[in-house]
Amino acid sequence: GDSVTQMEGPVTLSEEAFLTINCTYTATGYPSLFWYVQYPGEGLQLLLKATKADDKGSNKGFEATYRKETTSFHLEKGSVQVSDSAVYFCALSDSQGGSEKLVFGKGTKLTVNP
Amino acid sequence: NAGVMQNPRHLVRRRGQEARLRCSPMKGHSHVYWYRQLPEEGLKFMVYLQKENIIDESGMPKERFSAEFPKEGPSILRIQQVVRGDSAAYFCASSPWTSGRNNEQFFGPGTRLTVL
């Protein structure tokens, strides 16, 4: 079945550091790829998405590029802020059988220190 | 436009009791998804419903769990005879119906179930 593997956490960075969270996937179809962010005690919010190969999703300084050849969708940000501290989830959806369920990675907890 | 609403936010049950979790999708959304998040784990899909229909229940445990999304009112996830292993955060997400694929799912704040 479909699966998502993302970098184990936790990740601790200083403010203004460069961030990379790796994500790779396995899918039988041609999935769309997502990054969600979860702040403490809250639900998930969509951060960015890409629906086809070589698409780049971007939002709030975060970027990720859909790489079909390496089945990857790594999340990057050039300069993190304290407010970016959260748990980040990589996910895919491939609409098999008409179901658009999301398959999530285990999440990576990011802590940014001032 | 109010977001996805879930209630209760926190629910405590003793082993053997029933738990009912409610989800009101965003206005205009006709698709509802339920996910479960165990401690230190990612979210796992449970069930996908449209109004009055279960579309995909491949993630639902075979026993004790059921879900519905009636024509009127919220979607309900029901867990009968709860056990300690059911303790988790349960998230509901909704999306609108469009002809395109991979519509964005909007998540509620979750219900945190604790089974004593």
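In order, the protein sequences belong to chains A and B. Using the numbering used here, read the first sequence as starting at 14 and increasing by one per residue. Using the numbering used here, read the second sequence as starting at 2 and increasing by one per residue. Beta carbons: idealized from backbone N, C-alpha and C, even for Gly. The structure presented is a predicted model; accordingly, all values stated were derived computationally and were not measured.
Helix, strand or coil at residue i [DSSP, three-state]
{"i": "B:R85", "result": "helix"}
{"i": "A:V12", "result": "Missing from the structure shown is residue 12 of chain A; chain A here goes from 14 to 127 and no further."}
{"i": "B:S21", "result": "Correcting the residue identity first, residue 21 of chain B is Arg in this sequence and not Ser. Three-state result, B:R21: strand."}
{"i": "A:E89", "result": "strand"}
{"i": "A:T39", "result": "strand"}
{"i": "B:A3", "result": "coil"}
{"i": "A:E76", "result": "strand"}
{"i": "A:G118", "result": "coil"}
{"i": "B:L117", "result": "coil"}
{"i": "A:S108", "result": "coil"}
{"i": "A:T83", "result": "coil"}
{"i": "A:V69", "result": "The identity of residue 69 of chain A in the sequence shown is Lys, whereas the question assumes Val. A:K69 falls in the strand class under three-state DSSP."}
Residue span of the beta strand (DSSP E) that contains residue i, given as start and end
{"i": "A:F31", "result": "From DSSP, A:F31 is part of no beta strand (DSSP E); its letter is neither H nor E."}
{"i": "B:R1", "result": "Residue 1 of chain B lies beyond the stretch modelled for chain B, which goes from 2 to 117, so this question has no answer here."}
{"i": "B:Q51", "result": "L44 to Q51"}
{"i": "A:W48", "result": "S45 to Q51"}
{"i": "B:R37", "result": "H32 to Q38"}
{"i": "A:Q58", "result": "L57 to A63"}
{"i": "A:T18", "result": "S16 to Q19"}
Spatial distance of residue i from residue j (CA atoms)
{"i": "A:L60", "j": "A:L123", "result": "14 Å"}
{"i": "A:T25", "j": "A:G91", "result": "15 Å"}
{"i": "B:E58", "j": "B:Y34", "result": "10 Å"}
{"i": "A:K114", "j": "B:M27", "result": "18 Å"}
{"i": "A:V100", "j": "A:G120", "result": "6 Å"}
{"i": "B:F70", "j": "B:V48", "result": "11 Å"}
{"i": "A:E28", "j": "A:D68", "result": "28 Å"}
{"i": "A:F75", "j": "B:G17", "result": "45 Å"}
{"i": "A:H87", "j": "B:S88", "result": "31 Å"}
{"i": "B:K63", "j": "A:C36", "result": "31 Å"}
{"i": "B:Y91", "j": "B:N54", "result": "20 Å"}
{"i": "B:R37", "j": "A:A30", "result": "33 Å"}
{"i": "B:A68", "j": "B:L78", "result": "4 Å"}
{"i": "A:E55", "j": "A:T41", "result": "32 Å"}
{"i": "A:Q19", "j": "B:C93", "result": "23 Å"}
{"i": "B:L44", "j": "A:N126", "result": "27 Å"}
{"i": "A:A77", "j": "A:S85", "result": "9 Å"}
{"i": "B:I80", "j": "B:F66", "result": "5 Å"}
{"i": "B:H11", "j": "A:E82", "result": "43 Å"}
{"i": "A:F117", "j": "A:G14", "result": "13 Å"}
{"i": "A:I34", "j": "B:F108", "result": "22 Å"}
{"i": "B:H30", "j": "B:L50", "result": "11 Å"}
{"i": "B:Q98", "j": "B:H32", "result": "Just to set this straight, residue 98 of chain B is Trp in the shown sequence, not Gln. Using only the alpha carbons, I get a separation of about 7 Å."}
{"i": "A:T39", "j": "A:S16", "result": "5 Å"}
{"i": "B:C24", "j": "B:N8", "result": "7 Å"}
{"i": "A:V95", "j": "B:Q106", "result": "27 Å"}
{"i": "B:S96", "j": "B:V5", "result": "10 Å"}
{"i": "A:Q51", "j": "A:L32", "result": "17 Å"}
{"i": "B:R85", "j": "B:R113", "result": "13 Å"}
{"i": "B:G111", "j": "A:R80", "result": "32 Å"}
Three-pair Cβ contact test at 8 Å for the stretch 41-49 of chain A versus the stretch 61-77 of chain A:
yes
Beta strand (DSSP E) runs wholly inside the stretch 56-80 of chain B, at least 3 long, in chain order
66-69 and 76-80
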